[in-house]
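Chemist: Residues in the sequence shown are numbered from 1 upward in steps of one, following UniProt numbering.
Where a beta carbon is used, it is the ideal one built from N, C-alpha and C, also for glycine.
For clarity, every value in this text was computed on a predicted model and none was experimentally measured.
The following block contains the structure, expressed as C-alpha cells.
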Amino acid sequence: MFDSLSGGWGQQALDVADFGVLVMNEQGVQWLNPYLLSLLQQEEIQDSTTFKSSELTSLLLSAGNPFPVPPQQTQQRWLRREHIKTPEYDIYFFHDCTDLVIIGNECRRLQDDLSGLNLKDPTTGMMSNDVIVEMLDGHISRSRRYDNPLSLLRISYFFPDQMDSQLFSRCVKRIAYFLKDQLRWADQIGMLDPHTFLVILPETNYQSAASLLKKFNEEPHLSLFAKGDGRPVSFSVGLTEWSKGDTTQAMLQALRDDIDLTAVM
C-alpha cells in the first residue's frame, strides 16, 4: 500500500470497510482491500503485473457501471464503481448494489408485464379482464397471509339478440356508471367479458357482501331495464367468499352459481 496510509488509521479503516478498494499507479495494481479480494474470491494477489493483465482487472475497470462479478456459489453480485484520481494514484471504490439491481430488474419485469396487458375495457373504461384478475391474485395472496375476509361479486347482463353495437355500448356504460356509484371506496370493479362485471370486495365476508345485493332490487338498478332500445333484458348475480385453500380460479369458478335475489332479501 502507498506510504501515506501504511500502518495508519486510514489503511486500518479500509481493511475493515464493507466496500471494495483498488489502488493503481503507472506500474499497475498496488493494493486491494480484503473486502474486494473476498468478492473476487482471491486470497491474495502475488504479482500486480499479472493481476493487471488478468480477466478480473478487465472486469473491474472495463465493464459497465454497475457490473456483475463472478457469482459466489449461486448468488450473483453487482458492484457500482467510483473513481478518484490523485497526482500519484488511481483509486477505485466498489459498492455492492445487488439489491438495487434486483429491484430494478423486477420493476422492469413488472412494467413489461403491464405493457402486455389490456389495461382498460374499451367500452366502459374499467379494468380489463387481465388487470382485474391480476388484482384478485394480489387480494387472495393477502388473505392467505393475514386471513383477511374477501368476497367476489359477479353481475352478468343479458341483451336482445342482434342488438345494435352503439346501443349496446351506451347500455353497458350506463350499467358501469350505476355500479361505480354503488361501490365503496375500497371496492374494485372490472370486466370479465363484454357483459359481465367482477367486483372485488376486500375485508368483506359473505354476509356483509350479501347485504349489498338489495341494491339490485331497488329502483336505480331496475330502471336500467325500462322498456326501450338499448336495455338489458335480464341479469344474474354470483357471490363467493374466500376460504383457506382457494385460488383465483377456484373463486372465479364458484361465481358461476347464480343467486336468487328474492331468497337473499
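To the nearest angstrom, how far is it from the Cα of Asp-90 to the Cα of Val-101?
Modeler: Roughly 26 Å separates the two Cα atoms.
Chemist: Please say whether Ser-151 and Thr-204 have beta carbons closer to each other than 8 Å?
Modeler: Contact flag set, yes.
Chemist: For Thr-196, write down the residues that DSSP places opposite it in a beta bridge.
Modeler: For Thr-196, which the question treats as bridged, DSSP gives the partners Ser-156 and Asp-193.
Chemist: Just to confirm the assignment, what range does the alpha helix (DSSP H) spanning Tyr-89 have?
Modeler: Unbroken run through Tyr-89: none, as it is neither H nor E.
Chemist: Would you check if the distance between the CB atom of Ile-140 and the CB atom of Tyr-157 is smaller than 8 Å?
Modeler: Taking 8 Å as the Cβ cut-off, Ile-140 and Tyr-157 do not qualify as a contacting pair.
Chemist: If I follow the unbroken beta strand (DSSP E) through Ser-234, where does it start and stop?
Modeler: Ser-234 -> beta strand (DSSP E) spans 234-241.
Chemist: How should Glu-142 be labelled, buried or exposed, when 16 other C-beta atoms within 10 angstroms of its C-beta is the threshold for buried?
Modeler: Looking at the sequence shown, residue 142 is not Glu but Arg. Per the 10 Å Cβ criterion, exposed.
Chemist: Just the Cα atoms here: how many angstroms apart are Lys-52 and Gly-104?
Modeler: Any reading at Lys-52 must be qualified, since the residue scores a pLDDT of 49, below 50, and its modelled position is unreliable; the value itself is stated next. Lys-52 and Gly-104: Cα-Cα distance of roughly 32 Å.
Chemist: Since Val-233 and Arg-154 are thought to touch, with beta carbons under 8 Å apart, how far apart are those beta carbons, to the nearest angstrom?
Modeler: Not really, about 18 Å apart at Cβ, beyond 8 Å.
Chemist: Find the nearest neighbour of Ala-17 within the set Glu-26, Met-24, Val-23 and Tyr-35, judged by alpha-carbon distance.
Modeler: The residue with the shortest Cα to Cα distance from Ala-17 is Tyr-35.
Chemist: Kindly indicate which three-state DSSP category Lys-215 falls into: helix, strand or coil?
Modeler: If DSSP states are grouped into helix, strand and coil, Lys-215 belongs with the helices.
Chemist: Identify whether Arg-256 lies in helix, strand or coil by the three-state DSSP scheme.
Modeler: Coil at Arg-256, not helix or strand.
Chemist: Under a Cβ-count criterion, where at least 16 other Cβ atoms within 10 Å of its own Cβ denotes burial, should Asp-47 be classed as buried or exposed?
Modeler: With a pLDDT of only 47 at Asp-47, under 50, the local geometry of the prediction cannot be trusted, and the value read off the model is given with reservation. It counts as exposed.
Chemist: Taking only the alpha-carbon atoms, compute the straight-line gap between Leu-239 and Thr-124 and give it to the nearest angstrom.
Modeler: Cα-Cα distance, rounded: 22 Å.
Chemist: What's the C-alpha gap between Thr-129 and Lys-173?
Modeler: The residue asked about is misnamed: residue 129 is Asn in this sequence, not Thr. Answer to the nearest angstrom: the Cα atoms are 16 Å apart.
Chemist: Do you know how far the Cα of Gly-64 is from the Cα of Tyr-206?
Modeler: Using only the alpha carbons, I get a separation of about 55 Å.
Chemist: Comparing alpha-carbon positions, which option in Lys-85, Cys-171 and Glu-134 lies nearest Leu-252?
Modeler: Looking at the Cα atoms, Glu-134 is the closest of the given residues.
Chemist: To the nearest angstrom, report how far apart Asp-15 and Val-23 are at their CA atoms.
Modeler: Each residue's alpha carbon lies about 13 Å from the other.
Chemist: Looking at the C-beta of Phe-225, does it have a partner C-beta in chain B at a distance below 8 Å?
Modeler: The structure shown contains no chain B; it is built from a single protein chain.
Chemist: Determine the DSSP secondary structure at Leu-22, reduced to helix, strand or coil.
Modeler: Three-state DSSP puts Leu-22 in a strand.
Chemist: In whole angstroms, what is the alpha-carbon distance linking Arg-80 and Asp-137?
Modeler: For Arg-80 and Asp-137, the distance between alpha carbons rounds to 36 Å.
Chemist: So if DSSP puts Met-251 in a beta bridge, which residue, or which two residues, is it bridged to?
Modeler: Answer is none; Met-251 lacks a bridge partner.
Chemist: Need the endpoints of the alpha helix (DSSP H) that Gln-27 sits in, please.
Modeler: Neither: Gln-27 is in no alpha helix (DSSP H) and is coded neither H nor E.
Chemist: Please report the distance separating the alpha-carbon of Gly-245 from that of Arg-144.
Modeler: Gly-245 and Arg-144: Cα-Cα distance of roughly 8 Å.
Chemist: Going straight from the alpha carbon of Ser-96 to that of Arg-77, what length do you get?
Modeler: Before going further, note that residue 96 is Asp rather than Ser in the sequence given. C-alpha separation (whole angstroms): 7 Å.
Chemist: Excluding the 5 residues preceding and the 5 following Met-163 in the sequence, name in chain order all residues of the same chain whose CB lies nearer than 7 Å to its CB.
Modeler: Once the five neighbours on either side are set aside, Met-163 has no close Cβ partner at all.
Chemist: Apply the 10 Å Cβ neighbour rule to Pro-66 and answer buried if 16 or more other Cβ atoms are within range, or exposed otherwise.
Modeler: Buried.
Chemist: Which partner residues does Pro-220 have in the DSSP bridge list?
Modeler: According to DSSP, Pro-220 bridges with nothing at all.
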